[in-house]
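Number of protein chains: 4
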Amino acid sequence: MIISKAPTLTDAQLAEVEAIVGEFNCKIQVIYGAHRNIYAIIGDERSETMVNRILGLDYVDRVDRMESVYKLMDKRSDLSNHRIRVGTVDIGSEPLIIAGQCTIDPKNPQTFLETAAGVKEAGAHALRGGIWKPRTSPHSFQGTSASMGTLLEARERTGLPVIAEVMDESQLRIAVEARVDMLQVGTRNALNYTLLAEIGRATAEQGIPVLLKRGRHMGPVDEFISAAEYVVANGNPNVVFCPRGSMPALDGYRNHPDESITPLLKERSWAPVIADPSHSVGRARYVPAAALAAIAYGADGLIIESHVNPISGIGDDPKQSITPDVLAGIIRDVKAVWKLRSRFNE
Amino acid sequence: MIISKAPTLTDAQLAEVEAIVGEFNCKIQVIYGAHRNIYAIIGDERSETMVNRILGLDYVDRVDRMESVYKLMDKRSDLSNHRIRVGTVDIGSEPLIIAGQCTIDPKNPQTFLETAAGVKEAGAHALRGGIWKPRTSPHSFQGTSASMGTLLEARERTGLPVIAEVMDESQLRIAVEARVDMLQVGTRNALNYTLLAEIGRATAEQGIPVLLKRGRHMGPVDEFISAAEYVVANGNPNVVFCPRGSMPALDGYRNHPDESITPLLKERSWAPVIADPSHSVGRARYVPAAALAAIAYGADGLIIESHVNPISGIGDDPKQSITPDVLAGIIRDVKAVWKLRSRFNE
Amino acid sequence: MIISKAPTLTDAQLAEVEAIVGEFNCKIQVIYGAHRNIYAIIGDERSETMVNRILGLDYVDRVDRMESVYKLMDKRSDLSNHRIRVGTVDIGSEPLIIAGQCTIDPKNPQTFLETAAGVKEAGAHALRGGIWKPRTSPHSFQGTSASMGTLLEARERTGLPVIAEVMDESQLRIAVEARVDMLQVGTRNALNYTLLAEIGRATAEQGIPVLLKRGRHMGPVDEFISAAEYVVANGNPNVVFCPRGSMPALDGYRNHPDESITPLLKERSWAPVIADPSHSVGRARYVPAAALAAIAYGADGLIIESHVNPISGIGDDPKQSITPDVLAGIIRDVKAVWKLRSRFNE
Amino acid sequence: MIISKAPTLTDAQLAEVEAIVGEFNCKIQVIYGAHRNIYAIIGDERSETMVNRILGLDYVDRVDRMESVYKLMDKRSDLSNHRIRVGTVDIGSEPLIIAGQCTIDPKNPQTFLETAAGVKEAGAHALRGGIWKPRTSPHSFQGTSASMGTLLEARERTGLPVIAEVMDESQLRIAVEARVDMLQVGTRNALNYTLLAEIGRATAEQGIPVLLKRGRHMGPVDEFISAAEYVVANGNPNVVFCPRGSMPALDGYRNHPDESITPLLKERSWAPVIADPSHSVGRARYVPAAALAAIAYGADGLIIESHVNPISGIGDDPKQSITPDVLAGIIRDVKAVWKLRSRFNE
């Protein structure tokens, strides 16, 4: 990781650095930060000769070689003060609430527009609406690109930034072209490194925030942080962790709640944490408690499935979506716990 | 489960009922409630003939035959309104805080007395002090009965009720004779049914509350509730659930935090839940967040390891005990969350 | 799933069927079997009207609507007698042994050629050689397409069919163009449905066998079978299950061995099972026992990491590869257990 | 651990050693081996002064202070050549087969006698018959001491040594008085250290072999070995490990099969391993495969639930017991695999 003296390298300087690392089979990846760029060395950066030659350039301040499997995500990296913004919220300054339907029902787009209005009124800052769905069976409904239009219409009507899950490159292209405001990577793709790298590249310029769901199967915390490193190392530093329950499930829940991982992530990495209580517990009636617990553990916000009439929904909505009314109550309590916890989570 | 018309049966009535069920190889176990007794039929209570004969007695109101593997612990049982008291706290009316050392160091009883004073001042309602310790190796320090004296002295000085873990019948006898105020069953003995039944019998008359730690390995919620049933079915209805983290651990913690099981327990059973954040996360710096999360999930209180000088402690104290100062901060926050949550946990 | 009277539909018949299901928002996917084709209805096939219209066609024998989330993989499907061939081995008729290096070291292609010769002499039927590697860190060596040349050269020299893991569409294209003999999907991509579907489509005509590693995190057996359904429903029925250990690990191993899942797979599905003891235990010295246990549980073969000089290897080879000598001993024992087990696995 | 020059210390020598260690708050525990006794120092044996004084005694050869949490169970301890005998079988010389009913039905003792005859004829070396049963619910049938008579009668008729599970001290007394030939500790009591220590003491003189089931919840291998250390450190070196499946279950089985732990146990400890395929998979039809896999992994024998008419049994028998006919087939295959594996398990 090359730290330049000026916030950015000039094109000529960058070309010079690239030539040097190229001799050692490495490449330079530019990470576009808000205040300064970072120039990551991709490849084996342990060569003393290579590092010494870079250090010899008068526009280079230093070269960081970190021990951990992730470098850019490390709390000690130069990105440690990087802040991520979603809509009007500078994450960390107030609890970010993302809400909306698990799935946009293509037969019932009107309901999604009502849900969008409902969650906005309840106080949500961003709108979730599932377009494509990873399904256990290839014979189940997998979503349709047509729902992108519904999502964009809801954005226009409410002014809320929108978030969409993408599962492959073609969906990624559609979402980036539609200029969705946040991308989501689901739990099944949490270790799909090709997709993570592609997302990093495809969003490098726009810097679209990426919500990275924790693999329901992940063991070590470092594995989660390393997955995020794939996005950041490919150009987009705006990555957000999302615990969403792990397997095996706690009997009675859909998963074993894992919002408790938040302090561990925050000790090692600088990236914010937005917890997903809806998938964690998987039943609407447990969501309020799980939401509050996540904030108690230090989460920077929540993504919650909400629906104006859950029972009429498709996908996971009938089981785990709460109404905008319940959401409003959660948001009020979340703000209260947010204030309390300031003392012990620092 | 026989529900009599009057709060209790007379001796003659009880004898009559015992004679009837005896013909069907069943026995009657009396559960001494605060307001009324319950007469559980121990054995196979499904015989229609037996039930019909009992129903024929004019002092019997009804006979409940429940489907679940537990009967007395069921939320629909006649114990559903049973309240349990520890010291000055009627559990459920305010958050019960139990605090103190993992282990009383027999070489350093004075420190325990200081810890006792410290946790009292911080606002704890009851005092924990480990006398005997289950240890992985038979060659490790296993505690000594001599520490009972230290625990009792601390009770006398502070006026706080005391809690002691017992691992076998001989320890149980000592603890009951010493009239400790609460007994604890540890995670390793969570399925030691002989011990659970003995505790139920030995404490039936005094009604000493029993804190039943969740097995770190337990799967189904019903298995936990059924283990409690062993205590209650043997005569003591004052049983309290204690989630304390489950295995496999969440990387970075001692266990996988399981305070989230609280809503599931409360849906099925009437017994209160006191969570143990100290063992759950296993590191002092994570305890405040975990404590607050447990209250968010609906716990009725907390048992927290606290020590005036953790680093000088033995057992788990150096790793997971917090100081009384930190405890005081937790108690303040716990009370705030307690107020907030009233709405959504009902 | 449409079963035609003749082994295949004519183009005109297929067009007619496609027109009907199209009215119900369904599609037809042709599955090219060795003896007959199967015509799967992709979409919601529960419409009575649609089924009745298809049944009205005189060249249709029947329409199967199965209850399970998978249809084609079901043991009761028309594929139940489908046999898969790798090189000279008709899977099921004798134990299929795939062996070779975890990773082809691009700096040391010669060693791979020696390993290839070694495993052939030991009795292996197919050659494994990792070209691209999914790595936890984006900064680790990820393999290089250049190693495909080495793999193909080894095939030419030994005559052994070769197997390659692909992690995304671009690797898939390269592997299909190179006409590798078997494709592998790794544990991290076990639920990457887009990749699985793409593989099904890209290999539909050639019918390249696909070795589908079990997700180390998979819970239900049906989830594994359903993942395979994605490949088959997109056109390639030659899918093979590969248990490779699951998480959390059994202390001392890399994973918790899961060759025991074999009888469960075979009860529900017709597809063969090739177990991977190398990743399961993760240490060379335990591989022989794990290999034999897999055959005892009914596996149809093994994929084993082998290297002529494990300590000089890269990737997982130093830890878990065995030498061709040890491999030869395993193959001998595997054949002996194969004979024994015929009685009890039917 | 004191190693004397002669196989045993005289009473006077023992008294002298006890006096020395007593000054350091330690005790001596005699472990009665077949060929020589071992004198374990119970307590903190790290005192240099104490060790030096013992080493000064001319009848002492050496004092071993080992690093692991277990000492006597360690493969490097002086017990490493200790052999354990059950009936006519010297464990390790041929596969030991223990078979019989999960539960002796007190209403149907005759069936148990038939089962006993059946398993003997099938080739079993020892007879299992559950007398007392740990049950999830206190309202379920818990067994009755009366069945001890049935077990002893079966021993008399068949000449087979008998094994009985004990769950507490009172059952232990009954079993020792009845001179049962092997004791079993169940999975729920695997960490009930008081019971393990009591068993060690109660069987020290008779040296009754103890089959220690692995806790279904156990994580580290060392925890299992340390539990066995409790028995051995209290006087009885005849302890046998029994893997029986761990939690969480592999979907479709009662547990996650764990016979694969065998090589790990054998690397660290000298004690034999008898696997329990019946509880591991929990369904009769999977038992033969699981039995063979355990032998492939190096187990020294098997404990298998068998019943002349499983469907008429109680407890777990209807689900997981196999008939003596099936047992005979397993025994034949087990012997064949036993021969094969000699090469790779050394």
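Residue numbers (the working numbering), protein chains in the order written: chain D, 1 to 346; chain U, 347 to 692; chain Z, 693 to 1038; chain P, 1039 to 1384.
We treat Cβ as the ideally placed atom computed from N, Cα and C, and that holds for glycine.
Quick caveat, the model's predicted, so the values are computed rather than measured.
Determine the burial state of residue i: buried for a count of at least 16 other Cβ atoms within 10 Å of its Cβ, exposed for fewer.
| i | result |
| --- | --- |
| E67 (chain D) | Low confidence applies to E67 (chain D): its pLDDT is 49, below 50, so where it sits in the model is not reliable, and the reading given next is rough at best. Exposed, by the Cβ-count rule. |
| R179 (chain D) | exposed |
| I657 (chain U) | exposed |
| K812 (chain Z) | buried |
| P220 (chain D) | exposed |
| Q1148 (chain P) | exposed |
| S439 (chain U) | exposed |
| L1330 (chain P) | buried |
| G1060 (chain P) | exposed |
| T836 (chain Z) | exposed |
| T1141 (chain P) | buried |
| N928 (chain Z) | buried |
| A982 (chain Z) | buried |
What residues in its chain sit with their C-beta under 8 Å from that of residue i, if we drop five residues either side in the sequence?
| i | result |
| --- | --- |
| Y959 (chain Z) | Residue identity differs from the one stated: residue 959 (chain Z) is Glu in this sequence, not Tyr. Same-chain partners within the cutoff: K767. |
| N383 (chain U) | S350, P353, T354, L355, V376, I377 |
| I734 (chain Z) | C718, K719, I720, Q721, A925 |
Is it true that the CB of residue j sits closer than 8 Å to the CB of residue i?
| i | j | result |
| --- | --- | --- |
| G1197 (chain P) | R1166 (chain P) | no |
| M1111 (chain P) | S1307 (chain P) | yes |
| Y1077 (chain P) | I1135 (chain P) | no |
| A164 (chain D) | L195 (chain D) | no |
| L327 (chain D) | I304 (chain D) | yes |
| K319 (chain D) | R285 (chain D) | no |
| T608 (chain U) | G659 (chain U) | no |
| V654 (chain U) | P670 (chain U) | yes |
| L686 (chain U) | D276 (chain D) | no |
| A548 (chain U) | Y576 (chain U) | no |
Taking C-beta pairs closer than 7 Å, name the residues in chain U that residue i reaches, listed in chain order.
| i | result |
| --- | --- |
| D1206 (chain P) | T540 |
| D251 (chain D) | G565, P566, V567 |
Output, in chain order, the set of chain Z residues within a Cβ distance shorter than 7 Å of residue i.
| i | result |
| --- | --- |
| G1320 (chain P) | Going along chain Z, no residue has its Cβ under 7 Å from G1320 (chain P), so there is no contact; the nearest lies around 12 Å. |
Name the chain P residues that come within less than 9 Å of residue i, Cβ to Cβ?
| i | result |
| --- | --- |
| A982 (chain Z) | S1298, P1301, A1334, Y1335 |
| V1029 (chain Z) | L1330, A1334, D1371, A1374, V1375, L1378 |
Within the same chain, show all residues whose beta-carbon is closer than 7 Å to that of residue i, passing over the 5 residues directly before and after it, in chain order.
| i | result |
| --- | --- |
| L883 (chain Z) | G907, A919 |
| I677 (chain U) | I443, A468, G469 |
| P940 (chain Z) | H948 |
| D1128 (chain P) | R1121 |
| L151 (chain D) | I104, G129, I131, V162, A164 |
Taking residue i as the query, report the chain P residues whose CB atoms sit under 7 Å from its CB, ordered along the chain.
| i | result |
| --- | --- |
| L883 (chain Z) | Simply none; closest approach about 15 Å. |
Using the beta-carbon of each residue, which ones in chain Z are nearer than 8 Å to residue i?
| i | result |
| --- | --- |
| L1406 (chain P) | This structure gives no information on residue 1406 (chain P), because the portion of chain P shown stretches from 1039 to 1384. |
Using a C-beta to C-beta distance shorter than 8 Å, which residues of chain P count as neighbours of residue i?
| i | result |
| --- | --- |
| H999 (chain Z) | The premise fails here: H999 (chain Z) is roughly 18 Å from chain P at the closest Cβ pair, so nothing lies under 8 Å. |
In chain D, which residues lie less than 9 Å from residue i when you measure between Cβ atoms?
| i | result |
| --- | --- |
| H774 (chain Z) | Correct list: empty, because the minimum Cβ distance to chain D is about 18 Å. |
Might you give, ordered along the chain, the residues of its own chain that have their beta carbon closer than 6 Å to the beta carbon of residue i, omitting 5 neighbours on each side?
| i | result |
| --- | --- |
| E114 (chain D) | V308 |
| N238 (chain D) | I84, G207, P209 |
| H817 (chain Z) | G779, V781, L788, I789 |
| Y193 (chain D) | Y230 |
- Can you list the beta strand (DSSP E) stretches of 3 or more residues lying completely in the region 864 to 938 of chain Z, in chain order? 874 to 877, 902 to 905, 931 to 934
- In the region 90 to 161 of chain D, which residue ranges form an unbroken beta strand (DSSP E) of at least 3 residues, counting only runs that do not cross its ends? 96 to 101, 126 to 129
- Message: Just to confirm the assignment: which complete alpha helix (DSSP H) runs, minimum length 4, are found wholly within the region 1303 to 1354 of chain P?
- Response: 1315 to 1319, 1325 to 1334
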